[in-house]
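Heads up, the sequence shown is in the working numbering, so the first residue is 1 and it goes up one at a time.
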Amino acid sequence: DHTKTHTEEKPHGCTWHGCDYRASRAGTLETHTRTHTGEKPYVCVWHGCDYRASVASSLKSHTKTHTGEKPYVCVWHGCDYRASQASSLKTHTKTHTGEKA
Numbered sequence: 001d002h003t004k005t006h007t008e009e010k011p012h013g014c015t016w017h018g019c020d021y022r023a024s025r026a027g028t029l030e031t032h033t034r035t036h037t038g039e040k041p042y043v044c045v046w047h048g049c050d051y052r053a054s055v056a057s058s059l060k061s062h063t064k065t066h067t068g069e070k071p072y073v074c075v076w077h078g079c080d081y082r083a084s085q086a087s088s089l090k091t092h093t094k095t096h097t098g099e100k101a
């Protein structure tokens, strides 16, 4: 099944009316289908938090808001910026490079 990602073969088609999305793996199609159904099976277990996500990676990122974990470190000399998400670090790095966001 993994080799289909290299051959660009996409045998799994979305059955939602009007959607032409196709995937190389059944699991990828299952995740895509949640964009139509709104299903959010990944639940935050932090006490008092009602956050739910449609994909596991979103829940993992969310959990860092509770733990304070910031594994993404700016490598710019003299900068001690840390972020909980790679996208935040990427945006921050542009402040050093002058690149527009």
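Idealized CB from N, CA, C, for every residue including glycine.
By the three-class DSSP mapping on this structure, what secondary structure does residue i have?
{"i": "H77", "result": "coil"}
{"i": "R34", "result": "helix"}
{"i": "G48", "result": "coil"}
{"i": "H17", "result": "coil"}
Rounded to whole angstroms, what is the Cα-Cα separation between residue i and residue j?
{"i": "P71", "j": "H47", "result": "23 Å"}
{"i": "S87", "j": "H96", "result": "15 Å"}
{"i": "G68", "j": "R82", "result": "11 Å"}
{"i": "T37", "j": "G98", "result": "41 Å"}
{"i": "H77", "j": "K90", "result": "16 Å"}
{"i": "H92", "j": "Q85", "result": "11 Å"}
{"i": "H66", "j": "V75", "result": "25 Å"}
{"i": "T28", "j": "C14", "result": "10 Å"}
Is the Cβ-Cβ distance between residue i and residue j less than 7 Å?
{"i": "A23", "j": "K40", "result": "no"}
{"i": "Y42", "j": "A26", "result": "no"}
{"i": "V55", "j": "T31", "result": "yes"}
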